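J.: Input: one structure, supplied below.
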Amino acid sequence: MLRFLTLAITAVIFAFPYPPECRSEELLLLPPGPLERYNKDVNKLSESERWRIMIHGLRMAPLHPEHWGIRRTERTENRRLVPMRPFVLRQSTDPHFFFEEISFRAKFVNVNERQMLKHPHAKDPVFDIFFGSEYEQSKGQIVTDRGYLLRLTAFPGFKSGIYYQSLGKLEPIQLLPQALLSTREEYHVAIYGRSDTVSVHINGSEAATVKRNSINKGIVALMTGWHPVGLSDLKVLGRILRDDGQMQTVNVSGLITLPRIKKKK
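Residue numbers (this note's numbering): 1 to 265.
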């Protein structure tokens, strides 16, 4: 499991033959692709269309590709080849993006500790929320891959809290009071960002606060382990400082809810 975590966090970004006027999103992320299935009545989706929607996103939490993308180096049609990969908020790739709030309700599928230890690559309840991240490359070599993340985990040996990561190495900054979460509970999580402060609230109570310069400026991304997590009420609020000096408001969810198919008797 540790190997998968490291591979997913450390992504080598190669040089692409794009002209210099291309946006950072186009250099970093794959385009959304066909969106026709996302405009259909969810009750009229074919089995293949439902599957296509489900695989773009977190386990049990599909995300709309118009808002959330994957990095070009992590493209695959087989989810088992990349059990963990970040889904990046497209608007956050703008170099002048600042997040103000990331909030959601989350609950891991229930699993006991014995199963986690026996199947660590499949039963790995870990949910990472990246913010203030940046990636840079030069002549095909990665020179910068760093930022912050809130880790929510119920996996033994891992601890929930705010971390700084650089080239895949994690440095704990502040752990949550409940460092090991439960797969039996739902958590209401809110991350608030200001120019030099990020605070984390769990179920309405402040759980961690970190002060760093421009900590809320940079890329926002979501990533889980192979173990499913149920999400609801996902919201990302932020702003982009435009070239004309005006602020553009960002208010995005992109979380897709598909009704369960009733099994035929």
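Don't be surprised by glycine CBs; every beta carbon is placed ideally from N, CA and C.
Here the structure is a predicted model, which is why all the values come from computation and not from measurement.
Determine the contact status of arginine 151 and aspartate 124, defining contact as a CB-CB distance below 8 Å.
T.: Cβ distance not < 8 Å, so arginine 151 and aspartate 124 don't count as in contact.
J.: Taking only the alpha-carbon atoms, compute the straight-line gap between glycine 161 and lysine 107 and give it to the nearest angstrom.
T.: The alpha-carbon atoms of glycine 161 and lysine 107 are separated by roughly 17 Å.
J.: State buried or exposed for lysine 217, treating a residue as buried only when at least 16 other CB atoms are found within 10 Å of its CB.
T.: Buried, because 16 or more other Cβ atoms sit within 10 Å of the Cβ of lysine 217.
J.: Terminal residues of the continuous beta strand (DSSP E) containing isoleucine 70?
T.: Neither: isoleucine 70 is in no beta strand (DSSP E) and is coded neither H nor E.
J.: Do leucine 181 and alanine 61 have their C-beta atoms closer together than 8 Å?
T.: Their beta carbons are not under 8 Å apart, which means leucine 181 does not touch alanine 61 by this criterion.
J.: Please state whether DSSP places histidine 118 in a helix, a strand or coil.
T.: Note that residue 118 corresponds to lysine in the displayed sequence, not to histidine. Three-state DSSP puts lysine 118 in a helix.
J.: Apply the 10 Å Cβ neighbour rule to leucine 222 and answer buried if 16 or more other Cβ atoms are within range, or exposed otherwise.
T.: Label assigned to leucine 222: buried.
J.: Who are the near neighbours of tryptophan 51 in its chain, counting only those whose CB is closer than 8 Å to its CB and skipping five residues on each side?
T.: Contacts found: none.
J.: Assuming serine 160 is part of the alpha helix (DSSP H), what are its boundary residues?
T.: No alpha helix (DSSP H) holds serine 160; DSSP gives it neither H nor E.
J.: Determine the DSSP secondary structure at threonine 183, reduced to helix, strand or coil.
T.: Threonine 183 falls in the coil class under three-state DSSP.
J.: Would you kindly report the start and end of the unbroken alpha helix (DSSP H) that includes serine 48?
T.: Where serine 48 is concerned, the enclosing alpha helix (DSSP H) stretches over 47 to 55.
J.: Going straight from the alpha carbon of glutamate 36 to that of tyrosine 164, what length do you get?
T.: The straight-line gap from Cα to Cα measures roughly 39 Å.
J.: So if DSSP puts alanine 207 in a beta bridge, which residue, or which two residues, is it bridged to?
T.: Bridge partners of alanine 207: none, in fact.
J.: By DSSP, does glutamine 178 sit in helix, in strand, or in coil?
T.: Coil at glutamine 178, not helix or strand.
J.: Pick helix, strand or coil for arginine 90, following the three-state DSSP scheme.
T.: Three-state result, arginine 90: helix.
J.: Between serine 92 and the rest of its own chain, which residues show a CB-CB distance below 6 Å, the 5 nearest in sequence each way excluded?
T.: Within the same chain, serine 92 has close Cβ partners Ile219 and Val220.
J.: Looking only at DSSP bridge pairs, what is arginine 151 linked to?
T.: Partner(s): Asp128 and Gly161.
J.: What is the DSSP secondary structure of asparagine 216, reduced to helix, strand or coil?
T.: Note: asparagine 216 maps to coil in three-state DSSP.
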